[in-house]
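These notes are about the structure you will find just below.
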Amino acid sequence: MKPVKITQIDIIPVQIQLHEPFVISKGALTHARNTIVRIHCSEGLYGVGECCPYRSIHGETQAGTVAFAKDLAEALLGADPRHIHRHVALMDRMIVGNASVKGAFDMALYDLSAKLSELPLYKYLHGDRVKAIYTDNTVSLLDKEKMAEKAVKFQEMGFPVLKIKLGERGVTKDVARMELIRASVGPDLPLRIDANQGWNYLDALRSLEAMKDLNIEHCEEPVQAGNTEDQARLTAHSPIPLMADESVFSPRDASRIVSCQAAHLFNIKLGKSGGICTWPRCRF
Ligand SMILES: [Mg+2]
Numbered sequence: 045m046k047p048v049k050i051t052q053i054d055i056i057p058v059q060i061q062l063h064e065p066f067v068i069s070k071g072a073l074t075h076a077r078n079t080i081v082r083i084h085c086s087e088g089l090y091g092v093g094e095c096c097p098y099r100s101i102h103g104e105t106q107a108g109t110v111a112f113a114k115d116l117a118e119a120l121l122g123a124d125p126r127h128i129h130r131h132v133a134l135m136d137r138m139i140v141g142n143a144s145v146k147g148a149f150d151m152a153l154y155d156l157s158a159k160l161s162e163l164p165l166y167k168y169l170h171g172d173r174v175k176a177i178y179t180d181n182t183v184s185l186l187d188k189e190k191m192a193e194k195a196v197k198f199q200e201m202g203f204p205v206l207k208i209k210l211g212e213r214g215v216t217k218d219v220a221r222m223e224l225i226r227a228s229v230g231p232d233l234p235l236r237i238d239a240n241q242g243w244n245y246l247d248a249l250r251s252l253e254a255m256k257d258l259n260i261e262h263c264e265e266p267v268q269a270g271n272t273e274d275q276a277r278l279t280a281h282s283p284i285p286l287m288a289d290e291s292v293f294s295p296r297d298a299s300r301i302v303s304c305q306a307a308h309l310f311n312i313k314l315g316k317s318g319g320i321c322t323w324p325r326c327r328f
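Right under this line is the structure:
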């Protein structure tokens with residue numbers, strides 16, 4: 045293998061105003077404050093990664109990601125970008141947690157390595173293109189009329205599935221939101237809900253029970269992440285499948301959820317787990 049060296053790393057903080065605030069039970073976001081990482085090499089190519097640190101979920105801020113990214117950039121200069129596992133291990137030795145900024149470097153390294161191999165990333169990762177992949181669109185947590193209006197708009201735009209943000213304490217308002225949304229979009233459009241840890245155990249149990257006939261695919265993170273006892277009790281009794289999101293950052297978290305039977309499904313995001321490198325070695 046011909047030697048290749050990292051020659052330069054650009055760290056670019058950006059602030060992008062959203063068309064409208066993105067509202068979940070933990071608060072509203074008005075801007076995407078992301079950090080872009082661009083890794084250049086001696087072959088004249090570069091790879092790009094990006095992170096979107098969400099302070100109430102990742103525990104990271106844009107300023108923090110930029111500060112760590114500068115330290116890491118210094119440590120990686122001169123290294124071969126294709127030694128991704130080595131670089132990920134270095135990041136883990138330099139700082140615990142901070143999954144989203146680590147993910148930005150991981151993505152940039154994979155992007156660059158795939159380009160150096162003259163392969164699209166999916167082929168570099170030994171994947172194929174046989175599966176159709178689609179995405180949902182998310183309805184923010186607002187008054188029920190506004191949420192139903194948004195849901196219909198997204199349905200008309202052609203989104204094949206919608207995620208609805210809930211998680212207001214109590215039961216009545218969230219159930220009323222879902223009843224109105226289901227009535228507005230008709231019986232067949234797949235709907236998923238996400239409480240973002242906003243309910244307590246009784247809110248969750250009562251809400252899920254009241255929504256059981258609304259044809260809901262699954263519910264993400266109904267109660268506080270880390271409250272494994274209530275997550276397991278709910279998993280045993282919920283009429284709607286439960287998905288762990290904020291509870292699963294790493295393969296170790298996933299293993300704990302499985303052994304405690306604390307969810308039916310996982311939501312895996314590169315921004316939570318530190319990138320692509322973490323998961324392929326993982327078997328349950
Ligand atoms: Mg979620």
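Residue 45 is where the sequence shown starts when you use this note's numbering, and the numbers rise one by one after that. Backbone N, C-alpha and C define an ideal beta-carbon position, used for all residues, glycine too.
- Bounds of any alpha helix (DSSP H) do not take in F203, whose DSSP letter is neither H nor E.
- The C-beta of M138 has fewer than 16 other C-beta atoms within 10 Å across all chains shown, which makes the residue exposed.
- Partner residues in the beta bridge of Q52, as assigned by DSSP, are H84.
- Inclusion of D238 in the 8 Å shell around ligand 1 follows from its C-beta lying nearer than that to a non-hydrogen atom of the ligand.
- Shortest gap from the CB of N311 to any heavy atom of ligand 1: under 8 Å.
- In this structure, DSSP gives I60 an extended state, which the three-state scheme calls strand.
- Annotated three-state conformation of L73 is strand, per DSSP.
- Annotation: T322 to L314 spans about 9 Å, alpha carbon to alpha carbon.
- Distance from the C-beta of E64 to the nearest heavy atom of ligand 1 is not below 8 Å.
- By the Cβ rule, the region 71–78 does not count as touching the region 240–255, because fewer than three pairs are nearer than 8 Å.
- For G319, there is no enclosing beta strand (DSSP E), as DSSP gives it neither H nor E.
- Going by beta carbons, P295 and L278 fall outside the 9 Å limit.
- Check the Cα spacing between K146 and each of V196, L120 and S184: the tightest is with L120.
- Annotation: the continuous beta strand (DSSP E) that includes T182 extends over N181 to V183.
- Look at the beta carbons and you see the region 191–211 touching the region 225–237: at least three pairs across the two are nearer than 8 Å.
- Around the C-beta of V219, 16 or more other C-beta atoms lie within 10 Å, and the residue is accordingly described as buried.
- In the three-state reduction of the DSSP assignment, D115 falls in the helix class, which pools H, G and I.
- Three or more Cβ pairs closer than 8 Å define a contact, and the region 142–161 meets that threshold against the region 84–100.
- A distance of 9 Å or more separates the beta carbons of C304 and L286.
- Spatial neighbours of G214 in its own chain (CB-CB distance under 7 Å, excluding positions within 5 residues in sequence) are listed in chain order as D247.
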